[in-house]
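Chains as they are written, first to last, in the numbering used here: chain A, 541 to 664; chain B, 541 to 664.
C-beta atoms are modelled at their ideal positions from N, C-alpha and C, and glycine is treated no differently.
Have a look at the structure below before the remarks.
Number of protein chains: 2
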Amino acid sequence: MTIAETSRKYKVTADTLRYYERIGLIPPVPRTKGGIRDYDEESCRWIELMKCLRSAGVQIEALIEYAALYRQGEGTMERRKDILVEQRAQLLDRMGEIQNSLDRLNCKIEKYEKILGRKDGPGL
Amino acid sequence: MTIAETSRKYKVTADTLRYYERIGLIPPVPRTKGGIRDYDEESCRWIELMKCLRSAGVQIEALIEYAALYRQGEGTMERRKDILVEQRAQLLDRMGEIQNSLDRLNCKIEKYEKILGRKDGPGL
DNA sequence: TATTGACTTTGAGTATACTCCAGGTATTAT
DNA sequence: ATAATACCTGGAGTATACTCAAAGTCAATA
């Protein structure tokens, strides 16, 4: 799979794919003799995981550390788990902050709707 | 209320408070004759609102526009509501992305725990 | 009144996470 | 064979949101 195809499949730019590989967010991608990236199953799984976690705002630094430990083998499992647990805690915090903001927005929007008249209110 | 007191109260640095005022995220803060900021009730309400929305990741640009419209008066209510509705939609999207990541992290953490043995597992 | 510490502005610097560009190589179509 | 297109690397540039620094002013106190 070329970088263009992978880019399309995961809706991540080629530049970002190369960037993620360069900083170690995903392991080195296999190459053709010519030196061109040929994304395989494993590369794709990493891309999908990182895309998911990044879209939720997980810090790249933590993900780089996780990926580096993964490549170091079995002895790093404890630490890897700790990273995931820490990131989970951070996401739960973020979730709470978003919920607070949502409550606040809902309350304000309701006030505006009361004043402006709901668009989908009763016909007469 | 001085900037230092306000900074302590809302856990926002003085630099950030000045920055928010400068870019119009909060309305101009009243000053003493000497030109020193004297935060009042209304300033505080704005700070609290912005702190809440920013912590959830709402873009500063949208908040600046909201604050600017607010200062322009009643005629801007429709647009102000629209901004809030749009930001709410974005927060709901983010919420979903975080939930996806949480599901994923939970699944991975469980696997690690199964292999490593739960710390809080049964004593024998 | 003089010094200390908090405050002021303006503008530059930083961190994070990309994003783009130049100059060159590889692959595909004609 | 050659032209067009996709890919490569290394490094510079950008956007967002602060954060810090310099040089000066204000306020409380000894």
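Shortest alpha-carbon distance to V625(B) belongs to which of L603(B), G613(B), L642(B) and G615(B)? Stepping through the second sequence from its first residue, residue 625(B) is reached at position 85. With distances taken between Cα atoms, V625(B) lies closest to L603(B).
Can you tell which of L593(B), L632(B), G564(B) and P570(B) has its C-alpha closest to the C-alpha of T542(B)? Counted from its first residue, the second sequence places residue 542(B) at position 2. With distances taken between Cα atoms, T542(B) lies closest to P570(B).
Proximity below 8 Å, CB of A596(A) to CB of S641(B): Taking the first sequence and counting its residues from 1, the one referred to as residue 596(A) is at position 56. Taking the second sequence and counting its residues from 1, the one referred to as residue 641(B) is at position 101. It is a contact, given that the beta carbons lie within the stated cut-off.
Apply the 10 Å Cβ neighbour rule to R562(B) and answer buried if 16 or more other Cβ atoms are within range, or exposed otherwise. Locating residue 562(B) in the second sequence gives position 22, where the first residue counts as 1. So R562(B) counts as exposed.
For Q599(B), is the classification buried or exposed, using 16 other Cβ atoms within 10 angstroms of its Cβ as the cut-off for buried? Here residue 599(B) refers to the residue found at position 59 when the second sequence is read from its first residue. When all chains shown are included, Q599(B) counts as exposed.
Cβ closer than 7 Å: which chain B residues qualify as neighbours of G595(A)? The residue you call residue 595(A) lines up with position 55 of the first sequence. Note on residue identity: the sequence assigns Ser, not Gly, to residue 595(A). Those within 7 Å of S595(A) in chain B are E637.
Counting along the chain, where does the alpha helix (DSSP H) carrying K549(A) start and finish? Taking the first sequence and counting its residues from 1, one reaches residue 549(A) at position 9. I543 to Y550 is the extent of the alpha helix (DSSP H) around K549(A).
Residues bridged to R571(A) by DSSP? Residue 571(A) sits at position 31 when you count from the first residue of the first sequence. Paired residue(s): R577(A).
Taking the continuous alpha helix (DSSP H) assigned at I649(B), which residues delimit it? Here residue 649(B) refers to the residue found at position 109 when the second sequence is read from its first residue. Per DSSP, I649(B) belongs to the alpha helix (DSSP H) from M617 to L656.
If you compare alpha carbons, which of I655(A), E653(A), E637(A) and I649(A) is closest to E588(B)? As a position in the second sequence, residue 588(B) is number 48, starting the count at 1. Comparing Cα-Cα distances from E588(B) to each of I655(A), E653(A), E637(A) and I649(A), the minimum goes to E637(A).
Check distances from the C-beta atoms of the region 614-631 of chain A to those of chain B and list, in chain order, the residues that come in under 8 Å. M617, E618, R620, K621, L624, V625, Q627, R628 and L631
For M590(B) and P567(B), I'd like the C-alpha separation in whole angstroms. Taking the second sequence and counting its residues from 1, the one referred to as residue 590(B) is at position 50. Taking the second sequence and counting its residues from 1, the one referred to as residue 567(B) is at position 27. Taking the straight line joining both Cα atoms gives about 11 Å.
If we call anything under 8 Å between Cβ atoms a contact, is L656(A) one with M617(B)? Taking the first sequence and counting its residues from 1, the one referred to as residue 656(A) is at position 116. Taking the second sequence and counting its residues from 1, the one referred to as residue 617(B) is at position 77. Contact flag set, yes.
For Y610(B) and chain A, any beta-carbon pair shorter than 8 Å? As a first step, residue 610(B) must be located in the second sequence, where it is residue number 70. Closer than 8 Å: no.
When you compare only the Cα positions, how much space is there between K621(B) and C584(B)? One-based indexing of the second sequence puts residue 621(B) at position 81. One-based indexing of the second sequence puts residue 584(B) at position 44. Between K621(B) and C584(B), the C-alpha separation is close to 22 Å.
Please state whether DSSP places L565(A) in a helix, a strand or coil. Counting from 1 along the first sequence, the entry for residue 565(A) is found at position 25. Residue state, collapsed to three classes: coil.
Anything in chain A within Cβ reach of R634(B), meaning under 7 Å, just list it in chain order. By 1-based counting over the second sequence, the position of residue 634(B) is 94. Near R634(B) (Cβ distances below 7 Å), the residues of chain A are I638.
Excluding five sequence neighbours on each side, which residues of the same chain lie with their C-beta closer than 8 Å to the C-beta of L631(A)? On the first sequence, residue 631(A) is found 91 positions in, with the first residue counted as 1. Hits under 8 Å: A596, G597 and V598.
Have a look at L645(A) and Y579(A) and give me their C-alpha separation to the nearest angstrom. Sequence index remark: in the first sequence, residue 645(A) carries index 105 (1-based). Sequence index remark: in the first sequence, residue 579(A) carries index 39 (1-based). Answer to the nearest angstrom: the Cα atoms are 43 Å apart.
Using only the alpha-carbon positions, how far apart do R594(A) and I576(B) sit? One-based indexing of the first sequence puts residue 594(A) at position 54. One-based indexing of the second sequence puts residue 576(B) at position 36. Going by the C-alpha atoms only, they are around 42 Å apart.
Which residues, in order along the region 578-602 of chain B, keep a beta-carbon less than 8 Å from a beta-carbon of chain A? L589, C592, L593, S595, A596, G597 and V598
Answer with buried or exposed for Y606(A), where buried requires no fewer than 16 other C-beta atoms within 10 angstroms of its C-beta. As a first step, residue 606(A) is located in the first sequence; it is residue number 66 there, counting from the start. Per the 10 Å Cβ criterion, buried.
Does any residue of chain A bring its CB to less than 8 Å from the CB of R571(B)? For the purposes of this step, residue 571(B) is taken as the residue at position 31 of the second sequence. Not closer than 8 Å to any Cβ of chain A, the Cβ of R571(B) fails to qualify, so no.
Would you say L557(A) and T572(A) are within 8 Å of each other, going by their C-beta atoms? What you label residue 557(A) is simply residue 17 of the first sequence in a count that begins at 1. What you label residue 572(A) is simply residue 32 of the first sequence in a count that begins at 1. Cβ distance not < 8 Å, so L557(A) and T572(A) don't count as in contact.
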